[in-house]
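> Below is the structure I would like to discuss, written out as structure tokens.
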């Protein structure tokens, strides 16, 4: 069973057309939810960390929100340079008290057309 | 260097051969991670090093995979007797401390192709 599911797999927007990407997760104890951006041929670039339900983070045209079951990455008035794959990852608490390493979703490939 | 570097950027090998992939983390970062990314997939955790502690090898898919980190800096991921299913992009990341585990800085990756 997938612990982290991202939707949609791909999204095409016109420049200026706002939308949201979804990351749903099923972990017993969340120690953090992370958003990354990945451009073709490059490694992921860290965007946000969210720790508790209700938390929100913003950076330029991006805003990440968190509930107990999912996170949304809202993109307001996107530009072509926002085109990338957006990855979501979670860190889960273990019964030992430590935490599992990051589990990544498969990503949403965003294309913003001029 | 300014960021995480990996070498080689591309590696083509024949099935059954051994390969070594190298990662130079950001200076001063104590935590180092290896991931594998197959086409259209998310990142799959392989192994984690933190300072002088024993590495977390829980993500290694088989005993053909191993990694070491010398002097708390450079790391090498070794894949023995490569198989076609090992073809993927291998990404290395580092972070300042394990407490900032989500804020990892990634290298550009090594694209491995096993023929």
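Residue numbers (this note's numbering), protein chains in the order written: chain A, 75 to 188; chain B, 1186 to 1300.
All C-beta atoms, glycine included, are put in the ideal place defined by N, C-alpha and C.
1. I need the straight-line Cα distance from residue 1229(B) to residue 1273(B), nearest angstrom please.
2. Could you name the residues of the stretch 1223-1241 of chain B whose beta carbon sits closer than 8 Å to any beta carbon of chain A, in the order they occur along the chain?
3. Below 8 Å on the Cβ atoms is my contact criterion, and I expect residue 144(A) with residue 110(A) to pass it. Report the Cβ-Cβ distance as a whole number of Å.
4. Measuring only the C-alpha atoms, how far is residue 1231(B) from residue 1244(B)?
5. Taking 8 Å as the CB-CB limit, is residue 1262(B) close to chain D?
6. Quick check: what's the CA-CA separation for residue 1268(B) versus residue 1221(B)?
7. Give the residues of chain A in contact with residue 1305(B), contact being defined as C-beta atoms less than 7 Å apart.
8. Quick one, which of 159(A), 176(A), 164(A) has its alpha-carbon nearest residue 85(A)'s?
9. In three-state DSSP terms, what is residue 113(A)?
10. Since I believe residue 182(A) is in contact with residue 95(A) (beta carbons under 8 Å), could you give me their beta-carbon distance rounded to a whole number of angstroms?
11. How big is the Cα-Cα spacing for residue 140(A) and residue 1237(B)?
12. Helix, strand or coil: how does DSSP classify residue 155(A) here?
13. Residue 132(A) lies in the beta strand (DSSP E); which residues open and close that run?
In this structure, then:
1. For this step, residue 1229(B) is matched to residue 44 along the second chain. For this step, residue 1273(B) is matched to residue 88 along the second chain. Their Cα atoms are separated by approximately 11 Å.
2. Answer set for the stretch 1223-1241 of chain B: 1225, 1226, 1227, 1228, 1229, 1230, 1233, 1241.
3. By one-based count along the first chain, residue 144(A) stands at place 70. By one-based count along the first chain, residue 110(A) stands at place 36. The C-beta distance from residue 144(A) to residue 110(A) rounds to 17 Å, too long to meet the 8 Å contact threshold.
4. Within the second chain, the letter at position 46 stands for residue 1231(B). Within the second chain, the letter at position 59 stands for residue 1244(B). So the two alpha carbons sit approximately 4 Å from each other.
5. The chain labelled as chain D is not found among the protein chains of the depicted structure, namely A and B.
6. For this step, residue 1268(B) is matched to residue 83 along the second chain. For this step, residue 1221(B) is matched to residue 36 along the second chain. Taken atom to atom, the span from the alpha-carbon of residue 1268(B) to that of residue 1221(B) is near 14 Å.
7. Residue 1305(B) lies beyond the range of chain B shown here (1186 to 1300); nothing can be said about it.
8. Position 11 of the first chain, counted from the first residue, corresponds to residue 85(A). That would be 159(A), whose Cα lies nearest to the Cα of residue 85(A).
9. On the first chain, residue 113(A) is found 39 positions in, with the first residue counted as 1. The DSSP-derived three-state label of residue 113(A) is coil.
10. The sequence position of residue 95(A) within the first chain is 21, counting from 1. The sequence position of residue 182(A) within the first chain is 108, counting from 1. Yes, they are in contact, since the Cβ atoms of residue 95(A) and residue 182(A) sit about 5 Å apart, within 8 Å.
11. Residue 140(A) sits at position 66 when you count from the first residue of the first chain. Residue 1237(B) sits at position 52 when you count from the first residue of the second chain. So the alpha carbons of these two residues sit roughly 35 Å apart.
12. Within the first chain, residue 155(A) is the residue found at index 81, counting from 1. Helix.
13. Along the first chain, one-based indexing puts residue 132(A) at 58. Counting along the chain, residue 132(A) sits inside the beta strand (DSSP E) bounded by residues 130-133.
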